[in-house]
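Asker: Let me begin by handing over the structure; questions about it come next.
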Amino acid sequence: MIDPLPELSTEQSDPRYSQIDRLPTEQIARLMNQADAAVPAAVAVAIPAISGAIDAISARMSEGGRLLYVGAGTSGRLAVLDASECPPTFGTDPSLVQGVIAGGLDALTRSVEGAEDDAEAGAAAMKNLGVGPLDSVVGVSASGRAPFVLGALAEAAGRGALTVGLSCNEGAPLSAAAQHGIEVVVGPEVVTGSTRLKAGTAQKLVLNMISTISMVKLGRTYGNKMVEMSAMNAKLADRALRMVRDITGTDRETAGAALDAAGGRTKVAVLMIQHGIDADAARTLLASHGERLSDALSG
Numbered sequence: 020m021i022d023p024l025p026e027l028s029t030e031q032s033d034p035r036y037s038q039i040d041r042l043p044t045e046q047i048a049r050l051m052n053q054a055d056a057a058v059p060a061a062v063a064v065a066i067p068a069i070s071g072a073i074d075a076i077s078a079r080m081s082e083g084g085r086l087l088y089v090g091a092g093t094s095g096r097l098a099v100l101d102a103s104e105c106p107p108t109f110g111t112d113p114s115l116v117q118g119v120i121a122g123g124l125d126a127l128t129r130s131v132e133g134a135e136d137d138a139e140a141g142a143a144a145m146k147n148l149g150v151g152p153l154d155s156v157v158g159v160s161a162s163g164r165a166p167f168v169l170g171a172l173a174e175a176a177g178r179g180a181l182t183v184g185l186s187c188n189e190g191a192p193l194s195a196a197a198q199h200g201i202e203v204v205v206g207p208e209v210v211t212g213s214t215r216l217k218a219g220t221a222q223k224l225v226l227n228m229i230s231t232i233s234m235v236k237l238g239r240t241y242g243n244k245m246v247e248m249s250a251m252n253a254k255l256a257d258r259a260l261r262m263v264r265d266i267t268g269t270d271r272e273t274a275g276a277a278l279d280a281a282g283g284r285t286k287v288a289v290l291m292i293q294h295g296i297d298a299d300a301a302r303t304l305l306a307s308h309g310e311r312l313s314d315a316l317s318g
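Numbering (the numbering used here) for the sequence shown: 20 to 318.
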């Protein structure tokens, strides 16, 4: 276990907020809003590191590797959240992007804070997942010092996986332990040490980038359209219909009929309309172009 350091920026007390318990609600809200406004700028500083990590991750994923997030507390919950949104958004198998949280599923809804101190449990989680050379493991820790996360990254590295460390402190041990260190330094929180605030927002923004850009690079969008999404409800079914119409320029009835014949798969429906082929031929064409709609349309 690594001893906590009082000089961590995320643990500092900001004098601007020392009297918030005496302020009216609106003034506290404005102070929080002002603090949050600084987060995107901090993320912008880290974009070169973020981009390098994404390129390395997407390269491994294109070879069949998985993206695994590991975190504790708020960081772990954000990791699981980001992973859980990939299947409905990008049509991925749930095993492709996974989130691992210290303390297991119980920690998603209640605090199991002591779990973050167990480095061996982090290593065991990587063993249980069978982490290998094609996988990418992103450790997420605001302090950059959580033993569970450090243990997981050490085990993943030993198994040949790509390792990425996302933290909110400069010179974090997590960065030193990873092949790609991402440090988004947001400074002290409005409530001292409550890293679910600015640090949590920063981590969510970076995780959004990692998963979304990786999926874009893997061809799971067409332009900015979510052509791989699962149309699981009326809203998403309508969105799929609009996407087919936007891409092909066809009418609602034609788009709807193609989607029905395609089993709800937007990309297949688009190819059916654009190339005048049936669903089976469209699926074959798509597969022959690595499931990339842009390539299949021009091929």
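All C-beta atoms, glycine included, are put in the ideal place defined by N, C-alpha and C. Here the structure is a predicted model, which means the values were calculated and not measured.
For residue 37, name the three-state secondary structure that DSSP assigns.
Answerer: In the structure shown, residue 37 sits in coil (DSSP, three-state: anything other than H, G, I, E or B).
Asker: Mapping the DSSP letters down to three states, classify residue 308 as helix, strand or coil.
Answerer: Correct three-state label for residue 308: coil.
Asker: Nearest CA to the CA of residue 31: which residue from 245, 162, 143 and 185?
Answerer: Ranking 245, 162, 143 and 185 by Cα distance to residue 31 puts 162 first.
Asker: What does the alpha-carbon distance come out to for the pair residue 28 and residue 83?
Answerer: Computed Cα separation, rounded: 38 Å.
Asker: Which residues does DSSP list as the beta-bridge partners of residue 184?
Answerer: DSSP output for residue 184 lists 158 and 200 as bridge partner(s).
Asker: Looking at the structure shown, is residue 208 part of a helix, part of a strand, or coil, going by DSSP?
Answerer: Looking at residue 208 - three-state DSSP - the assignment turns out to be strand.
Asker: Please state the DSSP three-state secondary structure of residue 118.
Answerer: Strand, per DSSP.
Asker: Across the stretch 216-224 and the stretch 238-255, are there enough close Cβ pairs to call them in contact, namely three or more that are closer than 8 Å?
Answerer: With the cut-off at 8 Å, the stretch 216-224 and the stretch 238-255 do not touch.
Asker: Please report the residue range of the alpha helix (DSSP H) in which residue 141 lies.
Answerer: Unbroken alpha helix (DSSP H) run through residue 141: 138-147.
Asker: Beta-carbon separation of residue 65 and residue 203 under 8 Å?
Answerer: Result yes, Cβ atoms of residue 65 and residue 203 sit closer than 8 Å.
Asker: Give the C-beta separation of residue 4 and residue 143 to the nearest angstrom, bearing in mind that I take them to be a contact with Cβ-Cβ under 8 Å.
Answerer: In the structure displayed, the chain extends from 20 to 318; residue 4 sits before or after that span and is not available.
Asker: Quick check: residue 80 and residue 233, are their CB atoms within less than 8 Å of each other?
Answerer: A contact, by the Cβ cut-off of 8 Å.
Asker: Please return the same chain residues whose Cβ sits closer than 7 Å to the Cβ of residue 55, not counting the five positions on each side in sequence.
Answerer: 217 and 220, listed in sequence order.
Asker: Can you find the residues in the same chain that come closer than 8 Å, C-beta to C-beta, to residue 271, ignoring five residues on each side of it along the sequence?
Answerer: 260 and 264, listed in sequence order.
Asker: Can you tell me whether DSSP reads residue 318 as helix, strand or coil?
Answerer: In this structure, residue 318 counts as coil in the three-state DSSP scheme.
Asker: Only counting the same chain, and skipping five residues up and downstream in sequence, which positions put a Cβ closer than 8 Å to that of residue 304?
Answerer: Excluding residues within five positions, the ones whose Cβ falls inside 8 Å are 290, 294, 296, 315 and 318.
Asker: Would you grab the beta carbon distance between residue 159 and residue 90 for me? Rounded to a whole angstrom, and I think it's under 8 Å.
Answerer: Contact flag correct, Cβ pair sits at about 4 Å.
Asker: How long is the line joining the alpha carbons of residue 269 and residue 275, rounded to whole angstroms?
Answerer: Cα-Cα distance, rounded: 10 Å.
Asker: In this structure, what does DSSP give as the bridge partners for residue 90?
Answerer: In the DSSP output, where bridge partners are listed per residue, residue 90 has 120 and 159.
Asker: In chain order, what residues of the same chain lie with their CB nearer than 7 Å to the CB of residue 310, ignoring the 5 residues before and after it?
Answerer: Result list for residue 310: 238, in chain order.
Asker: Following the continuous alpha helix (DSSP H) through residue 113, name the residue where it begins and the one where it ends.
Answerer: Premise fails: residue 113 is in no alpha helix (DSSP H) and is neither H nor E.
Asker: Rounding to the nearest angstrom, what Cα-Cα distance links residue 126 and residue 92 in this structure?
Answerer: Their backbone Cα atoms lie some 7 Å apart in a straight line.
Asker: Select from 35, 78 and 73 the residue whose C-alpha is nearest the C-alpha of residue 183.
Answerer: Ranking the options by Cα distance to residue 183, first place goes to 73.
Asker: Spatial neighbours of residue 250 within its chain, please: C-beta separation below 6 Å, excluding the five flanking residues on both sides.
Answerer: 256, 259 and 283.
Asker: For a test of the three-state rule: what should DSSP assign to residue 77, helix, strand or coil?
Answerer: Residue state, collapsed to three classes: helix.
Asker: Hey, how far is the Cα of residue 230 from the Cα of residue 85?
Answerer: Roughly 11 Å between the two C-alpha positions.
Asker: Cutting at 6 Å between CB atoms, please list the residues of its own chain near residue 20, excluding the five before and the five after it.
Answerer: Here residue 20 scores only 43 on pLDDT, less than 50, and its place in the model should not be relied on; the value that follows carries that caveat. 136 and 166, listed in sequence order.
Asker: With a threshold of 16 other CB atoms inside 10 Å of the CB of residue 146, please say whether the residue is buried or exposed.
Answerer: By the neighbour-count rule (16 or more Cβ atoms within 10 Å), residue 146 is not buried but exposed.
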